[in-house]
Amino acid sequence: MTTYEDLPPYLLGFPGPQRDQLVAAVLSGAKTATTGLLPEYEAEGEPLPAPGDRGVLVDSQERALAVVEVTDVRVLRLADVDLRHALDEGEGYASVAEWRASHEAFWHSGPVREGLGDPEYTVGDDTLVVAERFRVVERLA
């Protein structure tokens, strides 16, 4: 068994139903990709993920459920996200347009805008995003 106590949490979405749905998709194998805003990493002073990085996937109750490992990271324009990435997010998107609409709604939400320090923040084609791929390396629960 991997020692995971020293690994950072691998957080998806906001705590509550959204996070729990995303975690369930990871654990089922449906979700193998996620996307974040580059400006969020910059605003939080967080380094970008890198292949080989590991974290502990946690649910809304902060239960450690799995160790995940980043397998690929690309920084690209929002307009350049492809269908394979959208499908691999495992949230049932049938098209890039559907994926984008859902992500724009999330990125334009109050909590995201608050985190960025900009209540009017909006994304566009040239917004840089962090397209991340990962795999579950160990189930903990």
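To convert, take the position in the sequence shown, counting from 1, and add 702; that gives the working numbering. All C-beta atoms in this analysis are idealised placements derived from N, C-alpha and C, irrespective of residue type, glycine included.
Beta-carbon gap between residue i and residue j smaller than 8 Å
| i | j | result |
| --- | --- | --- |
| Val831 | Gly738 | yes |
| Arg786 | Val769 | no |
| Phe836 | Thr734 | yes |
| Val760 | Leu713 | yes |
| Glu806 | Val825 | yes |
| Pro749 | Val772 | no |
| Val783 | Leu740 | no |
Top-ranked residue by Cα proximity to residue i, from the options
| i | options | result |
| --- | --- | --- |
| Gly792 | Leu713, Gln723 and Gly718 | Gln723 |
| Arg765 | Ala796, Glu742, Pro741 and Pro710 | Pro710 |
| Ala788 | Pro821, Val775, Arg802 and Leu778 | Arg802 |
| Val838 | Pro821, Pro719, Arg721 and Leu729 | Leu729 |
| Glu840 | Gly715, Phe716 and Gly731 | Gly731 |
| Gly817 | Pro751, Phe716, Ala843 and Glu707 | Phe716 |
| Ala781 | Ala727, Tyr706 and Ala833 | Ala833 |
| Glu707 | Leu767, Ser811 and Pro821 | Leu767 |
Assigned secondary structure, residue i (DSSP; H/G/I helix, E/B strand, else coil)
| i | result |
| --- | --- |
| Gly738 | strand |
| Asp784 | coil |
| Gly715 | coil |
| Ala796 | coil |
| Val814 | helix |
| Arg721 | helix |
| Lys709 | According to the sequence provided, residue 709 is Leu. The question's Lys does not apply to it. Here Leu709 sits in coil by DSSP. |
Separation of residue j from residue i, as counted between CA atoms
| i | j | result |
| --- | --- | --- |
| Val725 | Arg779 | 26 Å |
| Glu746 | Asp820 | 13 Å |
| Glu744 | Val814 | 13 Å |
| Met703 | Leu842 | In this predicted model, Met703 has a pLDDT of only 47, less than 50, meaning its place in the structure is not dependable enough to derive any value. |
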